[in-house]
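Under the UniProt record's numbering, the first residue of the sequence shown is numbered 1, with each subsequent residue one higher. Let me begin by presenting the structure, written as structure tokens, before commenting on it.
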Amino acid sequence: MVTSDGTLKTEPVSPDETLLDAWGDVRYIAYKWLNAVAIKGEEGARIHHGVIAQQLRDVLISHGLMEEESTTCRYAFLCYDDYPAVYDDVITGQREMPLTDNDGSIIVDEDDNPVMVMEDIIERVEITPAGSRWGVRPDLLFYIEAAWQRREIERIKARLDLIEGKH
1 MVTSDGTLKT EPVSPDETLL DAWGDVRYIA YKWLNAVAIK GEEGARIHHG VIAQQLRDVL
61 ISHGLMEEES TTCRYAFLCY DDYPAVYDDV ITGQREMPLT DNDGSIIVDE DDNPVMVMED
121 IIERVEITPA GSRWGVRPDL LFYIEAAWQR REIERIKARL DLIEGKH
């Protein structure tokens, strides 16, 4: 469920005509995720459908709906996010260490030799570097697509009415 309570929204208006004009330039595409191709191969990777966020951004820019170098968009369907690096603790080897008690004293055997144990060597490793990523909210794209299609159908119907002599 998505909250859609009208009391929580500004006064409803129709989608901006300039946005609908731009929407005809948005390309729907088929693609495969590069990481899936790397793991599963070209044949094993599944085909997805959608849009490329940067192409959508470029459409908005070309229609004056977004600034050229901006990463902020007034439309919620397009987002740009910076994300931090992701780290994990990874065992990179083992080393032999003397066993110690709770006080930190080395435990010795009956011959007064330190009792040795194997200890994991743990290093903090960067799994994913910090970066940024463009994204879309598909559910919001669908509303704009529907509005654009409705407008196009109305325009086609109006032209047909003229051709057929209807008013």
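Glycine is no exception: its CB is placed at the ideal position from the N, C-alpha and C atoms. Predicted, not measured: the structure shown is a model, and the values here were computed from it.
Check	Outcome
Which listed residue (Trp23, Thr7, Val13, Asp5) has its alpha carbon closest to that of Leu141	Trp23
Assigned secondary structure, Tyr87 (DSSP; H/G/I helix, E/B strand, else coil)	strand
Separation of Pro12 from Leu60, as counted between CA atoms	22 Å
8 Å Cβ cutoff met for Ala45 and Ala36	yes
Assigned exposure category for Leu162 - 16 Cβ within 10 Å defines buried	exposed
Chain D within 8 Å of Trp23, Cβ atoms only	Within the model displayed, chain D is absent; a lone protein chain is all it includes.
Inter-residue spacing [alpha-carbon to alpha-carbon] between residue 168 and Tyr83	Given a span of 1 to 167 for the chain in the structure shown, any question on residue 168 remains unanswerable.
Residue nearest to Asp16 in terms of C-alpha spacing, selected from Asp120, Arg159, Asp139, Glu145	Glu145
His63 beta carbon less than 8 Å from that of Thr18	yes
Inter-residue spacing [alpha-carbon to alpha-carbon] between Asn102 and Ser70	57 Å
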